[in-house]
Structure formats: structure tokens, C-alpha cells
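Student: Below you'll find the structure I mean.
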């Protein structure tokens, strides 16, 4: 019985890992599409969290940290490099000039608030958790 339960737990873990890897791939694709998109809405953004988000309250520092430091990211980049890459994407000045103007007016405040949370968290990760 224990062996059967252990196999079931492992199978769920493998499926969860595969879904997480697919999410990372999907988010990479979303970044490419954002640059070419016309009008954007909340759901167009690849928010760096594992669960589906519907507003800024769903974008939290612990969730962003878990996402960014996940061992399931492709190993071609170190966590530090991945954080730096995302800082470039979410940096206030760049985000406000390149992406925010494309956001539908009714979503603009929510997107701005969540993007700010993401950027602050990334800077915190870079300063505190990833010093060389």
C-alpha cells in the first residue's frame, strides 16, 4: 500500500513539474508577443507567479520570489541572471514608456500597481538574496 501511495505522489509531482515548466515556456512566449501587440489587458502580461492572477492583490512578494527562484527554470541561466533579465523587463521607466501606454485604460492602474510590486521584489531579490 505504501509503495502504491508513493508512486501516486511521485506521479503528481512529475505532472506538477511538467506544468510548471510549460508555464515558464508560456511566459517567455508572452514577453515576445507583448512587444508586437496593440492594446493590452491584464491577462496579456506574464505575471511572475504560479497561480492565475486577476489583480494586483494576487501579485505578492512571496509568490514572485517562489516563481523566480524555482529550481524548475531552464538551467541555461543562473537565478541571478534570470532576476536581472526580469528587472530589465519590469523596470519602471521601461515598462511605463513601452508597455503601459498600450494597456486598456480600465486595466492601467492595476497593471501599473502589480508591475511596481514585481520590480520592487526583483530589486530586493537582487540586493538581499543573491549577493556574490
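In the working numbering, the protein residues as written are 123 to 254. The beta carbon of each residue, even a glycine, is placed where N, CA and C say it ideally should be. For clarity, every value in this text was computed on a predicted model and none was experimentally measured.
When DSSP labels each residue in this structure, what does residue 240 get in the three-state scheme?
Tutor: helix
Student: Provide the residue span of the alpha helix (DSSP H) that contains residue 201, from first to last.
Tutor: Run containing residue 201: 201 to 212, per the alpha helix (DSSP H) assignment.
Student: Given a cut-off of 9 Å on the beta-carbon distance, is the pair residue 215 and residue 164 in contact?
Tutor: no
Student: Quick check: the segment 139 to 150 against the segment 211 to 226, are at least 3 beta-carbon pairs closer than 8 Å?
Tutor: no
Student: Can you name, in chain order, every residue of its own chain whose Cβ lies under 7 Å from the Cβ of residue 195, other than the five neighbours on each side?
Tutor: Shown here for residue 195: same chain residues with a beta carbon closer than 7 Å to its own, the five before and five after excluded, namely 146, 204 in chain order.
Student: Within this structure, are the beta carbons of residue 201 and residue 190 separated by less than 9 Å?
Tutor: Yes, the Cβ-Cβ distance between residue 201 and residue 190 is below 9 Å.
Student: Would DSSP call residue 247 helix, strand or coil?
Tutor: Three-state result, residue 247: helix.
Student: What would DSSP say about residue 265, mapped onto helix, strand or coil?
Tutor: In this structure the chain extends from 123 to 254, so residue 265 is not present and cannot be described.
Student: Report all residues from its chain with a CB closer than 6 Å to the CB of residue 225; omit the five preceding and five following residues, and keep chain order.
Tutor: For residue 225, the CB contacts under 6 Å within the same chain, skipping 5 residues up- and downstream, are 162, 233 in chain order.
Student: Determine, using beta carbons only, whether residue 206 and residue 248 come nearer to each other than 9 Å.
Tutor: yes
Student: What is the DSSP secondary structure of residue 222, reduced to helix, strand or coil?
Tutor: DSSP places residue 222 in helix when its eight states are reduced to three.
Student: Output the distance between the C-alpha atoms of residue 222 and residue 166, rounded to the nearest integer angstrom.
Tutor: 12 Å
Student: Who are residue 162's beta bridge partners in DSSP?
Tutor: Partner(s): 225.
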